[in-house]
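Have a look at the structure below before the remarks.
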Amino acid sequence: LDVRAALDEIRSKYSKMATERDLESQTIGNTMKLDGLGGRLGRRCRVEIPIQCGTRINAHAGDVNDVAFDSLGRRVVTAGDDAVVRVWSVEESTIHHALQGLSRPALSVRVSPDDQWVLAASADSSVCMWELTSGEFARVFSGHTAKARVAKFSPDNKRVVSGSDDKTIKVWDVERAHPISTVVCKSGCLDLCHTLGQFCIASVHADCTARFWDLRSNSLIHELPTLHNSCITAVISSPDDRSILTVAGDHSLKLTDPRSFSTCQTYRHTDFTVPQGASVRPSFSPDGDYVMAGGGDGNVFIWETRSGKLRSFLAGGHRGGGV
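Per my numbering: the sequence shown ends with 1286, consecutive numbering throughout.
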């Protein structure tokens, strides 16, 4: 397989995608509401930018390492240092399920694209899956030999991709919990995401490098050793699948084009810090027009994606660093 030819094909496909924006904003209550064309399906959505903390939940006996919503934003799943994954009602702030099965802290959590499953990666080296609605344990993906830092569903919901401190990225069959392939890396994988479809992933590593892989051949497409000046803690894909967002210990977020591997925007603020060893994870608004991250002091920062301008600053929501 010619990896470069495959990447050129992916680039050509996504270069034809157009993104339109027609936004009207107004401040209502504790949120700023905007109507616009958002999400990778281009459907109209309403984005609410909070201007203050609405609800505080004592979710875990210890740190919360990751948070994920279902596709409708009605349920939120949290991963804790107490080795428990919890499913909450967003509207009522009440717990639906406490998902058991891990022996060490849950480091990342995701909900499947069809809202049927919850997936968690653990410091015990396992990746576990539960039914979202019932909370019943479904299966375990065993094969990593060190901390499983991250596990995510493929866009078609048929595979799971996981990254570990054991310097491997593994692709799994969801139904059989069987490893399909293994990518051997130069350094431990701290986070990863799909980008430009289901056959390309971006990963960030303990050696401060971002890497791009073709999963059809398990081949390295490109690497960015100087994207940040410090350890990159997380990477996510934009809603339109045309950019990736990273956050690092150099106290910055960067937006990168996975087709040209060029930096599109950098987000900073004098008060935004990423403490050493912290699991700071950024996020996009559903329409992709805003990026956000929790700082080391517990405050949340929201920037405009295109301009890099700080749009909102939420203080006092957390007693420690924000995820």
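Virtual Cβ for every residue (Gly too), placed ideally from N, Cα, C.
Would residue i and residue j be called neighbours here (beta carbons separated by less than 9 Å)?
i: residue 1072; j: residue 1081; result: yes
i: residue 1153; j: residue 1196; result: yes
i: residue 1263; j: residue 1230; result: no
i: residue 1274; j: residue 1012; result: yes
Among the options, which has the Cα closest to the Cα of residue i?
i: residue 1271; options: 1226, 1022, 1047 and 1162; result: 1226
i: residue 1111; options: 1243, 1151 and 1253; result: 1151
i: residue 1213; options: 1022, 1202, 1235 and 1028; result: 1235
i: residue 1075; options: 1061, 1093, 1059 and 1065; result: 1093
i: residue 1179; options: 1128, 1194, 1122 and 1137; result: 1122
i: residue 1224; options: 1277, 1256, 1210 and 1190; result: 1190
i: residue 1028; options: 1061, 1183 and 1047; result: 1047
i: residue 1164; options: 1059, 1198 and 1188; result: 1198
i: residue 1159; options: 1137, 1220 and 1181; result: 1220
i: residue 1142; options: 1101, 1033, 1266 and 1105; result: 1105
i: residue 1210; options: 1186, 1258 and 1185; result: 1258
Just verifying my parser: in three-state terms, what is the DSSP assignment at residue i?
i: residue 1334; result: The structure shown does not extend to residue 1334, since the chain is modelled only from 964 through 1286, so no value can be given for it.
i: residue 1228; result: strand
i: residue 1104; result: strand
i: residue 1099; result: coil
i: residue 1149; result: coil
i: residue 1186; result: strand
i: residue 1154; result: strand
i: residue 1055; result: coil
i: residue 1174; result: strand
i: residue 1029; result: strand
i: residue 1272; result: coil
i: residue 1265; result: strand
i: residue 1014; result: coil
i: residue 1081; result: strand
i: residue 1169; result: coil
i: residue 1243; result: coil
i: residue 1277; result: strand
i: residue 990; result: With a pLDDT of 37 at residue 990, under the threshold of 50, the predicted position of this residue should be treated as unreliable, though the coordinate-derived value follows. Note: residue 990 maps to strand in three-state DSSP.
For residue i, list the residues DSSP reports as bridge partners.
i: residue 1050; result: 1040 and 1060
i: residue 1215; result: 1211
i: residue 1164; result: 1157 and 1176
i: residue 1091; result: 1083 and 1103
Strictly under 9 Å for the Cβ-Cβ distance: is residue i near chain C by that measure?
i: residue 1030; result: In the structure shown, chain C does not exist; there is a single protein chain.
Problem - Meets three-Cβ-pair contact criterion under 8 Å: the stretch 1096 to 1103 and the stretch 1116 to 1124 - result: no
Practice task
Spell out a yes or no on whether the stretch 1167 to 1174 and the stretch 1199 to 1206 are touching, meaning 3 or more CB-CB pairs, one atom from each, closer than 8 Å.
Solution key: no
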